[in-house]
Amino acid sequence: MSKTVSILAAVLAGAAVMTAPAMASPAGVKVGTLTCHVASGWGFIFGSSKDLHCNFSNGRHFERYAGSISKFGVDIGYTEGGELIWTVFAPESDIHPGALEGSYAGATASATVAVGLGANVLVGGLDRSIALQPLSVEGNSGLNVAAGIGSINLKYVPREESREESREERRD
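When you number the sequence shown by this note's numbering, it's gap-free, plus one each residue, and the end is 270.
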C-alpha cells in the first residue's frame, strides 16, 4: 500500500511541476466562465475521449456548447463524470455569440485519487485567440492517472437547438 501511495505522490508532484508555468494568467480580457460537464468513462493506455456539455456565461448572457475532450498519452483507469471550469480570456471584452466554438489544445497533467484537482492549459476558438484559464476544477472521482496533450472541441449550440433538445429530453 505504501508503494502505491509513494507512486501517487510522485505523480502528483510531477503534475504540479509540469503545470506551474501554466498558472500565470493568460493575456487578454476576462470575458466570462466556461463550465463543462464531462461524461464518465475509461481511459486507456494511449488516451481517451469523453463527451462534454458546456455553458458559457459572461454575467449578461448564457451560451451552450457541446463537444468532446481528448487526452493523448498515458491515461489509465475509470473516472466518474466530472466538471471542468475555466475563466475565459479574449483579445477584447466584446465577443460575438459562438466565439468559443472550435478546437483547443495544450499540455495537461492531472492525477485523481477520490476527488481530483488538475490544471489544463488550452488555447483555441476564434482564430486561436481565446484562452481558457490554466487552472480547472475536476470533480472526478475514481482512480485515474493522466498525462499528455489534451484537446477540446466545442460546437456552439444556438438557443433554438438548446430549447428543442430540452423538450426532447423531457419527452424521454
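Even glycine gets a Cβ: it sits at the ideal position worked out from N, Cα and C. The structure displayed is predicted, hence computed values, not measured ones.
Could you check which residue in the options has the C-alpha nearest to that of residue i?
i	options	result
E258	R158, Y202, Y163 and K128	Y163
Y202	D149, R158, H151 and V221	V221
G180	S227, Y254, Q231 and C134	C134
Y254	A197, G248, R226 and G204	A197
G200	A229, S138 and K169	A229
E178	P189, G204 and V136	V136
N153	L132, K169 and S138	L132
Q231	G223, F187 and L224	F187
A249	S147, G139 and S138	Sequence check: residue 249 is Ser here, not Ala. Minimum Cα distance to S249 is reached at S147.
L182	D149, L224, P189 and I193	D149
N251	K169, T185 and H194	K169
S227	I193, P189 and P195	P189
Taking DSSP as the reference, what is the three-state secondary structure of residue i?
i	result
R158	coil
D192	coil
L224	helix
E258	helix
S138	coil
E181	strand
G126	coil
A197	coil
T210	Legend: pLDDT at T210 = 45, less than 50; position of this residue unreliable, value from coordinates given subsequently. Strand, per DSSP.
Does the Cβ of residue i have 16 or more other Cβ atoms within 10 Å, making it buried, or fewer, making it exposed?
i	result
V127	exposed
F160	exposed
G130	buried
S191	exposed
S155	exposed
G157	exposed
G223	buried
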